[in-house]
Amino acid sequence: MNGPSDFIFYAAAALTVGSAILVATLPNIIYAAVALLFAFAGVAGLYVFLSADFLAATQVLVYVGGILVLILFAVFLSNRLADVKISNPGHFHLPAAAVCLVLFGVLSYTAVSTPFAVKTAVYLPTTADIGEMLMTRYLLPFEVASVLLLAALIGAALLSRPERGTPEKADMEEGRG
Amino acid sequence: MEALARSLVNFVPVLGGVPLWTITLLVMVASAAVVLVFALTFEGVGSLVLRKVAGDIQARIGPNRVGPNGMLQFLADGVKLVLKEDIIPARADRLLFRLAPYFVFVGSFAAFVVVPFGVGLIAADLNIGIYYVMAVTSLVVVGILLAGWSSNNKWALLGGMRAAAQIVSYEIPVGMALIPAVLVAGSLSLQAIVKSQGGLFGIFGWNLFHDPFAFFSFLLYFTAAQAETNQTPFDLPEAESELVSGYNVEYSGIRFGLFFLAEFGDMFIVAALATACFLGGWNVPFVSVAALPPVWGNLLSLGVFLGKAFTMVLIMMWVRWTLPRLRVDQLMRMSWKYMVPLTFVNLLGVSLWLLLFHGKGIPQMIASLFG
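Structure follows, in structure tokens:
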């Protein structure tokens, strides 16, 4: 299986990088969101190559089904709905380029100088192990993360709660609307 | 897949010269094609059955012109959808307008790959089966949102937003209600879940009768899934009387056809998951299909699975033509205030049951009473 799997790996990598470039450069923000979808799909493909099936599905479920939908909702609700030209203008090109160059240098130096342990992928189920680790060794970080998310959820509910005393909204709440 | 390719090479020695991956790839493409043909046939025949059922329930005849009793209506519909002009509105976003139906169709069809049709009939027995279904169907939401927005039409946009909000909300109770089946089987693979429901007890081996919580979670699943696939009484995204026809109002020809096919495909996926997770899947009561000769075992289990799944589809259609539509705020309240907490309580109940009774269901406990 060496020939085609190499090809698929490079295709997935190219998809990820290419779409990521499009996300950063496309002027239309909806197009950028769609490009982000393909970048997520490419990353999910790379996870499959690392024999992390559960992680790949999680990537699609959380990022495509959650984050991307949220981004689309935010764009649709915060702009004039009928306006097709939702734009994504660029500012501060020079400072951004400098920061990016430095970051690129650091990342590529790390990538080249780190001795990565290259192993042949073993395609074994990972779900049970992940679950066990989350419930034993990484229980505290797992719970801290869920408390953080809960706090965010309560905050969002508080922000979007209708003001008390507004007659129509009170009616809707009681189901008489 | 690779094992299948190897056995094919052993069977037909001429293929020995071809690299194994080519044969594996061909086997994959062939099995995907078989599943696609099944999905499209189901979606076509399903549309006819839906209209016939609607006719019966509303005391009228339904389609009766094309072929005997209108039986060939779906072929005529298919030809019409393919031949009709594909109109793109002048002010629409052309690229996304064209792309959106594919997202919806791919998201719906990709789930068919892990449906366990029979004892050996599954296109890919992924060990994350159920989770995979939940993941790929999230592509449908993106497609619907983009379709609604790119049409540049307020009905379409409102329909798209409603659909996305509804699918995202009901995804949670659907996923939570499926977990009891996963817990009982101890695996996410649909084939393993089906196998865990076989054995000595016949239909009482089904997860449906495992314990009261599992029974209840089947009802929760079925209700939430009906909402997740935008079926009446939860068809607010379409709501003909308010929104014309929702996110697909500007579509015509085969692009409309893709939305339509995806809708029926989702219906089958819901029925198939209900069958596999709660109704025993392809298990035949008191017959070990795995021990039969492969051809008969597969045919028998395929028949049993499709029989159960189609019954579930018929029940969905029956509900669809019986109940009136909910209002948008009622729909959201039902999901977040009632179904989500109920599924959490249910999940806790099943977990406690499995812990307290060492994974035994009610049938096993009754059986152990009598030795």
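Protein chains in written order, with the numbering used here: chain X, 1 to 177; chain Y, 178 to 548.
Every residue gets a Cβ at the ideal spot worked out from N, C-alpha and C, and that includes glycine.
Mapping the DSSP letters down to three states, classify residue i as helix, strand or coil.
i	result
residue 62 of chain X	helix
residue 13 of chain X	helix
residue 28 of chain X	strand
residue 461 of chain Y	strand
residue 332 of chain Y	helix
residue 451 of chain Y	helix
residue 82 of chain X	Only weak support is given to the placement of residue 82 of chain X: the predicted model assigns it a pLDDT of 49, under 50, and the value that follows is read from those uncertain coordinates. Here residue 82 of chain X sits in coil by DSSP.
residue 394 of chain Y	helix
residue 384 of chain Y	helix
residue 529 of chain Y	helix
residue 269 of chain Y	coil
residue 301 of chain Y	coil
residue 91 of chain X	coil
residue 428 of chain Y	coil
residue 185 of chain X	With chain X covering only 1 through 177, there is no way to say anything about residue 185 of chain X.
residue 240 of chain Y	coil
residue 502 of chain Y	coil
residue 535 of chain Y	coil
residue 408 of chain Y	coil
residue 257 of chain Y	helix
Could you check how far apart the C-beta atoms of residue i and residue j are, in whole angstroms? I think they sit under 8 Å.
i	j	result
residue 456 of chain Y	residue 524 of chain Y	Rounded, the Cβ-Cβ distance is 20 Å, inconsistent with contact.
residue 478 of chain Y	residue 495 of chain Y	Incorrect: roughly 26 Å between the Cβ atoms, too far for contact.
residue 411 of chain Y	residue 508 of chain Y	6 Å
residue 217 of chain Y	residue 438 of chain Y	7 Å
residue 319 of chain Y	residue 280 of chain Y	6 Å
residue 327 of chain Y	residue 512 of chain Y	Not confirmed; about 27 Å, so no contact.
residue 351 of chain Y	residue 300 of chain Y	That belief does not hold up - the Cβ atoms of residue 351 of chain Y and residue 300 of chain Y are roughly 22 Å apart, past 8 Å.
residue 316 of chain Y	residue 283 of chain Y	6 Å
Using the beta-carbon of each residue, which ones in chain Y are nearer than 8 Å to residue i?
i	result
residue 76 of chain X	322, 326, 334, 338
residue 101 of chain X	Correct list: empty, because the minimum Cβ distance to chain Y is about 32 Å.
Which residue comes first and which comes last in the alpha helix (DSSP H) that contains residue i?
i	result
residue 129 of chain X	127–135
residue 513 of chain Y	No alpha helix (DSSP H) contains residue 513 of chain Y, which DSSP labels as neither H nor E.
residue 115 of chain X	Careful: residue 115 of chain X lies outside any alpha helix (DSSP H) and carries neither H nor E.
residue 229 of chain Y	197–234
residue 541 of chain Y	539–546
residue 153 of chain X	139–160
residue 368 of chain Y	367–372
residue 471 of chain Y	471–499
residue 67 of chain X	Premise fails: residue 67 of chain X is in no alpha helix (DSSP H) and is neither H nor E.
residue 311 of chain Y	306–313
residue 249 of chain Y	Careful: residue 249 of chain Y lies outside any alpha helix (DSSP H) and carries neither H nor E.
Cβ closer than 7 Å: which chain X residues qualify as neighbours of residue i?
i	result
residue 516 of chain Y	Here the premise fails: no neighbours, minimum Cβ distance about 16 Å.
residue 345 of chain Y	69
Does any residue of chain Y bring its CB to less than 8 Å from the CB of residue i?
i	result
residue 57 of chain X	yes
residue 106 of chain X	no
residue 6 of chain X	no
residue 30 of chain X	yes
residue 11 of chain X	no
residue 16 of chain X	no
residue 129 of chain X	no
residue 54 of chain X	yes
residue 159 of chain X	no
Hey, is residue i's beta-carbon within less than 8 Å of any beta-carbon in chain X?
i	result
residue 304 of chain Y	yes
residue 308 of chain Y	yes
residue 312 of chain Y	yes
residue 355 of chain Y	no
residue 341 of chain Y	yes
residue 495 of chain Y	no
residue 450 of chain Y	no
residue 498 of chain Y	no
residue 473 of chain Y	no
residue 530 of chain Y	no
residue 198 of chain Y	yes
What does residue i touch in chain X if you count any residue whose Cβ is under 9 Å from its own?
i	result
residue 319 of chain Y	33, 34, 37, 64, 65, 68, 69, 72
residue 273 of chain Y	30, 31, 34
Residues of chain Y with a CB under 7 Å from the CB of residue i: which are they?
i	result
residue 61 of chain X	311, 312, 315
Closer than 9 Å by beta-carbon distance: list the chain Y residues that pair up with residue i, in chain order.
i	result
residue 125 of chain X	304, 305, 364, 365, 366
Since residue i meets chain X, which of its residues come closer than 8 Å, beta carbon to beta carbon?
i	result
residue 202 of chain Y	4
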